[in-house]
Every structure is written in C-alpha cells, then in structure tokens.
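Chains as they are written, first to last, in full-length UniProt numbering: chain A, 1 to 253; chain B, 1 to 253.
Working notes, beginning with the structure itself.
Number of protein chains: 2
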Amino acid sequence: MSGKSAALVRSPDASPWEAPIVSRRVADDVVDRLVTAFALGLYVPGQQLPPERELAGMLGVSRTSIREALRQLGEDGYLEVRRGRTGGTFVRSDWGPRSAEHVRRQLVARWDEFEAIFDARTLIEPLIARTAAERRTEEDLGPIRAALQDYLDAPDHDASRRADARLHLAIAQATHNRILVETSVDLRTRIGLNLGAEPYTDEVRRMAIRQHQDLVAAVAEGRAEDASRIAAVHFTLSETLMRGLAERAGGAP
Amino acid sequence: MSGKSAALVRSPDASPWEAPIVSRRVADDVVDRLVTAFALGLYVPGQQLPPERELAGMLGVSRTSIREALRQLGEDGYLEVRRGRTGGTFVRSDWGPRSAEHVRRQLVARWDEFEAIFDARTLIEPLIARTAAERRTEEDLGPIRAALQDYLDAPDHDASRRADARLHLAIAQATHNRILVETSVDLRTRIGLNLGAEPYTDEVRRMAIRQHQDLVAAVAEGRAEDASRIAAVHFTLSETLMRGLAERAGGAP
DNA sequence: ATAATTGGTTCATGGATCAGACCATAGACC
DNA sequence: GGTCTATGGTCTGATCCATGAACCAATTAT
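Quick look at the structure:
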C-alpha cells in the first residue's frame, strides 16, 4: 500500500492514514481536559481546582495520572500549588507561555498549525453565527444575553475572556448541532493551547464590545446574513491581533 | 466545581469537561485508521491489506496490536483472512452492517449522532465547496478532474463510492486548509462507521453524476456561490436518501 | 520436494495505570 | 498553644497493556 497515488495526498495532507500511531497517555488526556476548561473560562486565574482525589474521581482516573497532568501544567507555569489545610492547586494569573522568548518559540514551532486554525475559524464561525440566527429559540437567548451582559460588566481581562468564551459557546449551542459546538470549542481550545491569551487593549475592548452587541442582536432577531458578516469581521479582528502579537514577538516568518 | 452554571451546559452539550476519561487502546486507534481508510475508498472490497508485519511497521505499533485490531474488524465482518503463501487479509465485499435488522439497530442506536452528522455536513460541505472555488489553484484541478473522471467511469457501486470519496477529498484539499480537510474526512468517516453504505440506484447515480459535474465546473471556474449551492443540494440529496433508508428500515422515530 | 510468504501462537520484558496506604505541611479550630 | 483536618507529596504492589522476538502452521510459487 505504499503505492498511494500522488494525486490523493497533497500539500495540506489530511493526516495520511499510514502515519505512525502515537499512544496517548491518560495524563495527556487530563491535560487536554484541563486546558479546555481553562480556555472555556471554567476556571479563572486565582481560582482553586478541586483536590486531586476529587479530580481523580470526577475524571475516572487514578490520582497518579492526575498528578502527572498537574505536574506537566505546573512545568508550563499554568498552575501554582499551596500545601497545608487551605492549600490546593490554583490557576496562575499569568498562565500561558510567559516570556517573550517562550511565545516566540511557541509561535515558530506551530506557525503552520496556527495559520490553519485561524483560517478555519474565520470560515466556520460565520457559518455558526448564521445558523444560530436561523435556529435560535427563545430558550437559547437567555444564556446568550447573560454572557453578553457578563462581558459588558467584566471588570478585568480575565473576566472578559471568560465571558467571551461563554458567549461564543452559547451562540454555537444555539445552532442545536453538537458537532458545530464541538468544532467551535475545539478551535478555541487549540488557540488557547498555542498561545494562552490574546492581546488586549482598551481600544480592542471597545471594538469587541460593539461587535458582540451587534452579533447578539443579529442572532436574536434572526438576521442570519448580518450575523454571519459580523462574525466574519469579529474573528478577522481577533486574527489580526494575534498576527500582530506574533510579529512583534518576532515569530512570524 | 459541580456548580457549573446551568446556562452553560445545555442540551447539545459540548462534552462536559468532567466526563470520565476513557483510556484508548492502541488497537482501537488502529481500527479507526483502517475504517477511515475504508471509508475513504483507499481499500476496495476484495483488495488485500498489507501483511501484518508491514502494517505494524507502517503504523509504528507492534504486530500484537495490529492483530487485535484485525480481530475486531474480522468479528464485525469487515475482513476475511486466507493463509498460506499467497494468503493475507482481504476486505470483504459486503462489509458493513449486513442484515436489515443490523442496519435498523445501528440506526436506532445512533439516531441522534446521525442527525447531527448529516446536519453538520449539509452546513459545512457547502462552505468547503465555496472556499475551494475561491482558492483552488491549477494544481488542485488535476486530482479533482481525475476523481470526477473515475467517478464517471466507475463500473460498479464500490468503484463509484471510492471515486466519490476521492472527489470530495480533492475538493476539500483545494481549500488549502488542513482543518477543513480533516473535518470533511471526519464527517464522511463517521457516516461510514454508522452505516457502511449509502443507498444506490440508477436514478440516484444519474443525479449524482450531474451534480458532481456541475460542482467540479463551479469550483474550476471559481464560481464560489454556485459551488456552495450545488454542494448544498448534493449533500441534501445524500441526507434524504439516508433518511429514506432509515425509515424503510423502521429505524426513524 | 523445497523455499518462501503469510497468518497463528506463545513468552518474557518493560511501562502505564491503578488502588491504597502512609507522610508532610499549614492553617482552622478549640 | 495544642490538636485536628484538609490538602499535597511519596511509596508500594498488583494488574493490564504493548512490545519484540521467536517459533509454529498452512499454502503455494519455484
């Protein structure tokens, strides 16, 4: 079967089925779960994670594996542990690749991945927004508006990121399609994995607030084309910001 | 952390992060790879798989794991083995759920999954077609046209399915985005996993031929909107066929 | 007949994972 | 101040998974 046709496997190769299989360890899955939770804003910096024994029970794995996962996350600077009676594992407030050098290396190493993710996102998120506008029910609007309000009220960057994640998640869920929700979460998580945080300035925040308001209004009123267009602009802004960050960090080719 | 807000987790729930982690075995990954290869038409019924030792080398796993995977696929009736010098493992010509009863059970069990997959497909594939029409280069057109020709020349159902898979893969690759390619392949594979084969009649084939020709023309000429529209119709047809099959099998609710 | 190619089987080894026990720390609580 | 308790830190033995290698069995090319 090495005679796979050259026509079939081309440059953006779809993971050729003969690629080596890497056996994933349980701890790696735990790491992915936790990073996803962080990216979704389920844990904010400073917040305490459940005790290791409880995490083990929740995820159905041994404490050994939980500890290995926490060790990895700790190495990357995502976590901080305190011992003693009120101790525990806490999310660091400056999590993610910390030094500029670290950012640069991350970006260079994963630049291709990066391009693909952002590209896919600016294509798929408008589709999600359009579909949400077409399908949203009254019950969908509650979580969406709540997340928007939280976003407007967010006192700091972290709260803002968290509300942003919840808002886009709620919109994705308004499509009533599990696969679209998963895709959206997956893209967001991959970006979180690669970077940690988007750049953030007051001007950016003002633009994002306006876009979020417009997007929610379009979805609520069922203006599908508007929702699609606004989402396209919104995620293009996000992409531009990240590219700027990458170029300032010297990571862009 | 059980206090996750009710607003955040709703009916099409995006795999709650606390769900138990299932440790995947290597053999299961091998099974997935092989089924994907089948769904992509890389192996046609009657064709011989590489020897176990060679598969082990290709996938970077032990022969033990390969054998376990082949055992599973054999149990499900996908494979047939012959011993001796010219022996080997062969793809069965009637693979997939074989009896109508089997189909019905499959459909009932996975009906929700099913709905979501088809729904996502009719949303995402037009996006892929549109993007392919916008971005395709001259080099992309070769594989696309070759696959279309193979589809037109296909002497039987199996060859037709194989060419169909290659055609849509080639179009997805013309988007030059790895994630879109993966998504398309993933959706196709999931459908293959759930069903094995689509219904197939001469009339369906005539319609599909026309749609494929139109789709390729639209992509080749860069008519993005046309490509999107044609893809929407095409995959809606596919969905309708499957629903019909499901209802005749008594599986639809 | 013999050699070659393939699947079928067995075994020893190392690593991953688990369950459980126990230790160490530091703050709560009396 | 002393004790209790909730937490992280460490260790051990058992079990299961995956590997690599050797060898057996069947079948056919030569």
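Glycine included, C-beta positions come from ideal geometry on N, C-alpha and C.
- DSSP lists no beta-bridge partner residue for A/Glu115.
- DSSP places B/Leu79 inside the beta strand (DSSP E), whose first and last residues are Leu79 to Arg82.
- Residue contact with chain A for B/Ser228: absent (no Cβ-Cβ distance below 7 angstroms to any residue of chain A).
- Where A/Gly88 is concerned, the enclosing beta strand (DSSP E) starts and stops at Gly88 to Val91.
- Beta bridge pairing from DSSP links A/Gln48 with A/Phe90.
- B/Leu187 counts as buried, since at least 16 other C-beta atoms from the protein chains shown sit within 10 angstroms of its C-beta.
- For the pair A/Trp17 and B/Thr36, the CB atoms are nearer than the 7 angstroms cut-off.
- The region 224 to 232 of chain A and the region 129 to 142 of chain A touch, with no fewer than 3 CB-CB distances between them shorter than 8 angstroms.
- C-alpha of A/Leu180 to C-alpha of B/Ala69: approximately 30 angstroms in a straight line.
- Around the C-beta of B/Ala120, 16 or more other C-beta atoms lie within 10 Å, and the residue is accordingly described as buried.
- Taking C-alpha positions only, B/Pro45 is separated from B/Asp202 by approximately 21 angstroms.
- Taken residue by residue, none of the region 231 to 245 of chain A has a beta-carbon sitting less than 7 angstroms from a beta-carbon on chain B.
- Within the region 13 to 30 of chain A, the residues whose Cβ lies closer than 9 angstroms to any Cβ of chain B are, in chain order, Asp13, Ala14, Ser15, Trp17, Glu18, Ala19, Pro20, Ile21, Val22, Ser23, Arg24, Arg25, Val26, Asp29 and Val30.
- Neighbours of A/Val61 in chain B, taken as residues at a C-beta separation under 7 angstroms, are given in chain order as Ile21.
- Against chain A, the CB of B/Thr36 has a partner CB under 7 angstroms away; the residue lies at that interface.
- For A/Thr183, the three-state secondary structure derived from DSSP is helix.
- The C-alpha of B/Ser93 lies about 13 angstroms from the C-alpha of B/Gly74.
- In this structure B/Leu167 touches B/His212 by the C-beta definition: roughly 6 angstroms separates them, less than 8 angstroms.
- Residue contact with chain A for B/Ala120: present (Cβ-Cβ distance below 7 angstroms to some residue of chain A).
- Not flagged as an interface residue toward chain A: B/Ile66, since no C-beta distance is shorter than 7 angstroms.
- Looking at the backbone, the Cα of A/Asp214 and that of A/Ile230 are separated by about 7 angstroms.
- Per DSSP, B/Thr64 is one residue of the alpha helix (DSSP H) stretching across Arg63 to Glu75.
- Look at B/Asp150 here: in three-state DSSP terms it is helix.
- The region 77 to 89 of chain B and the region 139 to 153 of chain A do not touch, with fewer than three beta-carbon pairs separated by less than 8 angstroms.
- Note that the region 15 to 34 of chain A touches the region 50 to 69 of chain B; at least 3 beta-carbon pairs, one per stretch, sit closer than 8 angstroms.
- In this structure, B/Ala116 and A/Asn177 form a Cβ contact; the two beta carbons are roughly 6 angstroms apart against a cut-off of 8 angstroms.
- The Cβ-Cβ distance between A/Ala147 and A/Ala163 falls below 7 angstroms.
- In the assembly as shown, A/Val219 is a buried residue. Its beta-carbon has 16 or more other beta-carbons within 10 Å.
- A check of alpha carbon separations from B/Val185 across B/Ala39, B/Thr64, B/Asp29 and B/Leu49 identifies B/Ala39 as the nearest.
- One thing to note: A/Pro126 has its Cβ no nearer than 7 angstroms to the Cβ of A/Ala217.
- The three-state reading of DSSP puts B/Pro143 in helix, counting H, G and I together.
- The beta carbon of A/Arg33 falls within 7 angstroms of a beta carbon belonging to chain B, placing the residue at that interface.
- Non-local C-beta neighbours of A/Asp150 in its own chain, meaning closer than 6 angstroms and more than five positions away in sequence, comprise Ala163, ordered along the chain.
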